[in-house]
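Residue numbers (my numbering), protein chains in the order written: chain A, 19 to 300; chain B, 233 to 547. Don't be surprised by glycine CBs; every beta carbon is placed ideally from N, CA and C. It should be emphasised that the depicted structure is a prediction, and the values quoted were computed from it without experimental measurement.
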């Protein structure tokens, strides 16, 4: 019963519905690309190069005659995979660090974790990517690691901030009296109560990850050819933008719509999950 | 304030030291010996050994790290493996493109975001607010390098108001230099301005609910007067932090934008060095970028504490 009402409330949020729908379209295209694309993205068809959008090639073709719609589909897969794994890495390392910092508040572990966070913050993901690429060469994996490392302090901070305010609450004290140790309290009582916040932050970092991946592959630090990625498509389009603007317009729109969708969904989620805002509205 | 400054200065030095260690050891992991790479596969062992001595590679790792850091403190960044010229000279030239670009973009984004954020907050919920916030929602979703390409298409290729790229150098005149940095700075600034305008708006709206605002209204000030005289000043504190953080984003983002406009900045230098495996240049430029981020954040922290005494007493 409660579940249905939650879904009804969710659907009443315009941001959540529009954002969710936009994001789902791209997730669907990415998944579909595993089993079907209109054309093969690795076959070159020079006879049909640089076509404008038309009936047989919905979004036109590039300078090698590759179908742009198919490349957008496979590119969605690259973008989503990189951003998702980077968020996973940030959450997987950042949340435990944040929980540990909050649990040992003020003591050396907290101080150590937070100073480490500050240090990572001084390395923008582009700079991390430059360092990794200089040593190991460019690849999509390096992009994931670079964006993922950047995400760690973000999640650690959000988790710690929210967890700190919980540690002074009565129900935590009660759990303590019941004899649970710090680690168990963190997992069983703190984590479920900060989960909403982390989901919202996760959506935001996911959309930032899509933007970062596009930027990295644009400068050649991300996915390497022949793997299509939106950033690479834009890099290839650059010299042809004067006579074939669709080569730049279409991947750009794909990035904007995906990021916009995720941001709207994040805003909607925050409104839905944060009771303070919900009460203020009604 | 002095105590606080000293404490922050100490953590600044520790951060810089740890950052330099991290960068040094990541680059150290790189496979291959720069000397044999430079001389090719047919080089004689004694030539390689001689070059290793010349490049300072024949000493222990610890000694090399100390030489690197010690050199940087004196403004000596070492010698490029590829060009055999001092890195400090290469970097200095490029800095005069990258730094003005970031500063230009920072000014633009502040100039756009402040009025936009104040306007939106003062018209909360009305049409103007909704339209502006919709625009910022779009602004944060646009990749700046794509926006830059569109600007080139419109203002350089179609309208021919600006050149599509390149940088004439400051010797050709100040305004010519500014002109060639205008499109890059706008493309860097607009997405940042969208974020800043949102922060400005929400920070102002937070202030509107404060007790001192009610007192100001009770005193007889109009909504608008109270906003300008009392809310704005207090709302600026979080906005300042974001501006500080944005500088590092602008510096890093500039590296990507430089590629769109073929600007001879730090970005070009780094990518060139990566493809030539000139790792010592990469190492020094990365350290320089991280150094600027850490120092800017240090300055913001101090400014923050100077404005808000509560922060000093805490911790």
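Would you tell me roughly how many angstroms separate the C-alpha atoms of residue i and residue j, rounded to the nearest one?
{"i": "residue 63/A", "j": "residue 328/B", "result": "45 Å"}
{"i": "residue 6/A", "j": "residue 436/B", "result": "The structure shown does not extend to residue 6/A, since chain A is modelled only from 19 through 300, so no value can be given for it."}
{"i": "residue 298/A", "j": "residue 441/B", "result": "Caution applies to residue 298/A, whose pLDDT of 45 falls short of 50 and renders its modelled position unreliable; the model cannot decide the point."}
{"i": "residue 206/B", "j": "residue 493/B", "result": "Residue 206/B lies beyond the residue range present for chain B, which begins at 233 and ends at 547; the question has no answer from this structure."}
{"i": "residue 236/A", "j": "residue 248/A", "result": "8 Å"}
{"i": "residue 550/B", "j": "residue 511/B", "result": "No answer is possible for residue 550/B: the residues shown for chain B start at 233 and end at 547."}
{"i": "residue 225/A", "j": "residue 366/B", "result": "17 Å"}
{"i": "residue 200/A", "j": "residue 121/A", "result": "7 Å"}
{"i": "residue 326/B", "j": "residue 25/A", "result": "55 Å"}
{"i": "residue 108/A", "j": "residue 390/B", "result": "43 Å"}
{"i": "residue 103/A", "j": "residue 322/B", "result": "37 Å"}
{"i": "residue 126/A", "j": "residue 246/B", "result": "16 Å"}
{"i": "residue 243/B", "j": "residue 461/B", "result": "36 Å"}
{"i": "residue 259/B", "j": "residue 146/A", "result": "12 Å"}
{"i": "residue 305/B", "j": "residue 299/B", "result": "10 Å"}
{"i": "residue 490/B", "j": "residue 466/B", "result": "36 Å"}
{"i": "residue 399/B", "j": "residue 497/B", "result": "9 Å"}
{"i": "residue 194/A", "j": "residue 119/A", "result": "18 Å"}
{"i": "residue 258/A", "j": "residue 75/A", "result": "18 Å"}
{"i": "residue 469/B", "j": "residue 235/B", "result": "21 Å"}
{"i": "residue 315/B", "j": "residue 376/B", "result": "32 Å"}
Would the beta-carbon of residue i be found less than 8 Å away from any heavy atom of the ligand GTP?
{"i": "residue 257/B", "result": "With respect to the ligand GTP, the structure offers nothing, as it holds no ligand at all."}
Starting from residue i, find everything on chain A with Cβ-Cβ shorter than 8 Å and list it in chain order.
{"i": "residue 255/B", "result": "149"}
{"i": "residue 399/B", "result": "Chain A residues near residue 399/B: none, gap ~17 Å exceeds 8 Å."}
{"i": "residue 259/B", "result": "149, 152, 153"}
{"i": "residue 481/B", "result": "142"}
{"i": "residue 250/B", "result": "137"}
For the alpha helix (DSSP H) that contains residue i, what are its first and last residues?
{"i": "residue 169/A", "result": "158 to 185"}
{"i": "residue 236/B", "result": "234 to 261"}
{"i": "residue 455/B", "result": "455 to 458"}
{"i": "residue 39/A", "result": "32 to 53"}
{"i": "residue 313/B", "result": "From DSSP, residue 313/B is part of no alpha helix (DSSP H); its letter is neither H nor E."}
{"i": "residue 536/B", "result": "511 to 539"}
{"i": "residue 476/B", "result": "464 to 493"}
{"i": "residue 289/A", "result": "264 to 291"}
{"i": "residue 407/B", "result": "406 to 440"}
{"i": "residue 193/A", "result": "188 to 195"}
{"i": "residue 270/B", "result": "266 to 271"}
{"i": "residue 231/A", "result": "209 to 236"}
{"i": "residue 388/A", "result": "Absent from the structure is residue 388/A, since the part of chain A shown begins at 19 and ends at 300."}
{"i": "residue 299/B", "result": "293 to 305"}
{"i": "residue 280/B", "result": "277 to 287"}
{"i": "residue 118/A", "result": "86 to 121"}
Mark residue i as exposed unless 16 or more other C-beta atoms lie within 10 angstroms of its C-beta, in which case mark it buried.
{"i": "residue 79/A", "result": "buried"}
{"i": "residue 424/B", "result": "buried"}
{"i": "residue 556/B", "result": "Only positions 233 to 547 of chain B appear in this structure, which leaves residue 556/B out of reach."}
{"i": "residue 251/B", "result": "buried"}
{"i": "residue 452/B", "result": "exposed"}
{"i": "residue 378/B", "result": "buried"}
{"i": "residue 215/B", "result": "No answer is possible for residue 215/B: the residues shown for chain B start at 233 and end at 547."}
{"i": "residue 248/B", "result": "buried"}
{"i": "residue 52/A", "result": "exposed"}
{"i": "residue 158/A", "result": "buried"}
{"i": "residue 457/B", "result": "exposed"}
{"i": "residue 196/A", "result": "exposed"}
{"i": "residue 60/A", "result": "exposed"}
{"i": "residue 344/B", "result": "buried"}
{"i": "residue 173/A", "result": "buried"}
{"i": "residue 206/A", "result": "exposed"}
In chain A, which residues lie with their C-beta within 7 Å of the C-beta of residue i?
{"i": "residue 322/B", "result": "Result: empty, since nearest Cβ-Cβ is about 16 Å, beyond 7 Å."}
{"i": "residue 484/B", "result": "142, 144, 145"}
{"i": "residue 514/B", "result": "148, 152"}
Can you pull the chain B residues whose beta carbon is under 8 Å from the beta carbon of residue i, in chain order?
{"i": "residue 135/A", "result": "Under the 8 Å cutoff, chain B gives no residues; its nearest Cβ is about 11 Å from residue 135/A."}
{"i": "residue 259/A", "result": "381, 384, 385, 389"}
For residue i, which residues in chain B fall below 9 Å Cβ to Cβ?
{"i": "residue 252/A", "result": "375, 377, 378, 381"}
{"i": "residue 273/A", "result": "373, 374, 375, 378"}
How would you list, in chain order, the residues of chain B whose beta-carbon sits under 7 Å from the beta-carbon of residue i?
{"i": "residue 277/A", "result": "373"}
{"i": "residue 281/A", "result": "369, 372, 373"}
Output, in chain order, the set of chain A residues within a Cβ distance shorter than 9 Å of residue i.
{"i": "residue 503/B", "result": "148, 237, 238, 239"}
I want to know whether the segment 128 to 144 of chain A touches the segment 164 to 172 of chain A - three or more CB-CB distances under 8 Å. yes
Does the segment 304 to 314 of chain B come within contact of the segment 474 to 483 of chain B, defined as at least 3 CB pairs closer than 8 Å? Taking a cut-off of 8 Å on C-beta distances, the segment 304 to 314 of chain B does not touch the segment 474 to 483 of chain B, as fewer than three cross pairs fall below it.
Chain D contacts made by the segment 229 to 245 of chain A, where a contact means CB separation under 8 Å: The structure shown contains no chain D; the protein chains it does contain are A and B.
The segment 85 to 96 of chain A contacting the segment 47 to 54 of chain A, beta-carbon criterion three pairs below 8 Å: Under the three-pair Cβ rule at 8 Å, the segment 85 to 96 of chain A counts as touching the segment 47 to 54 of chain A.
Specify whether the segment 245 to 262 of chain B and the segment 516 to 524 of chain B touch according to this definition: at least 3 beta carbon pairs, one from each stretch, less than 8 Å apart. yes
Count the CB pairs spanning the segment 265 to 277 of chain A and the segment 205 to 217 of chain A that are closer than 8 Å, and state whether there are at least three. no
If contact is defined by three or more beta carbon pairs under 8 Å, each pair taking one atom from either stretch, is the segment 178 to 191 of chain A in contact with the segment 121 to 132 of chain A? Flag = yes, the segment 121 to 132 of chain A and the segment 178 to 191 of chain A touch.
If you pair each beta-carbon of the segment 336 to 350 of chain B with each one of the segment 404 to 423 of chain B, do three or more pairs fall below 8 Å? The segment 336 to 350 of chain B is in contact with the segment 404 to 423 of chain B.
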